[in-house]
Amino acid sequence: MAQNQNIYKFSMFDSLDYGTSAPQLEPVYEPEIIPEKKQTVKKKKTSAVTNSQKKAARASYISGAKILLSVFSVAFVLGIVLFLNVKMDETATKINAVQSEINIAKSENIRLESALEGMVSIDKVEDYAEQTLGMVKLENYRITYFDSGESNHVVISGGKSYSENSLVSKFESIKEYFS
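Here the sequence shown is numbered in this note's numbering, starting from 246 and rising by one per residue.
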């Protein structure tokens, strides 16, 4: 508190008019008129767009979407058509390659068949039989027919014989046995 005693108010010694001892009145100031600020009430943003303008904007968005969708559809169909044309061309190329292979195989088959016919022709067979095998063609006067005059009779090795009559007789004996 001792420190507080040493504090002076120097403002008391200031006078507005220097050199006069008469107390001076403080000047009266007229209060400044501060214009009142208009209070702005923030209103919610209301769109100045009318319903007809909203409908027109919505219609323009829809028409734009339709145009965009139709462009994409046309591009998609065009892409499919191009893809299918490429596949058809590839398939046609493969078909042509297979057909050329078939034609080559047919011509090779014709060549081999003609070579086979040339190898097995009657003239070639007769020539091979006469020269290589030493065979001779029979003349009509060399053919002899043999007629035994008896019924068919076959001799089997071991002195056994077989004839139609013996077969019939065996069948008859079996038939008599069952009756």
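Note that the Cβ used here is the ideal one computed from N, Cα and C, for glycine as well.
In the three-state scheme derived from DSSP, where H, G and I count as helix and E and B as strand, Met-364 is classed as helix.
When secondary structure is reduced to three states using DSSP, Ser-414 falls in the helix class. In the displayed model, Ser-424 falls within coil according to three-state DSSP, outside both helix and strand. The DSSP assignment places 367-376 as complete runs of the alpha helix (DSSP H) inside the segment 318-397, in order along the chain (cut-off: 4 residues). When only Cα atoms are considered, Asp-334 and Asn-341 end up about 11 Å apart.
Shown here, Lys-311 sits in a helix according to DSSP, grouped into three states.
The three-state reading of DSSP puts Val-316 in helix, counting H, G and I together.
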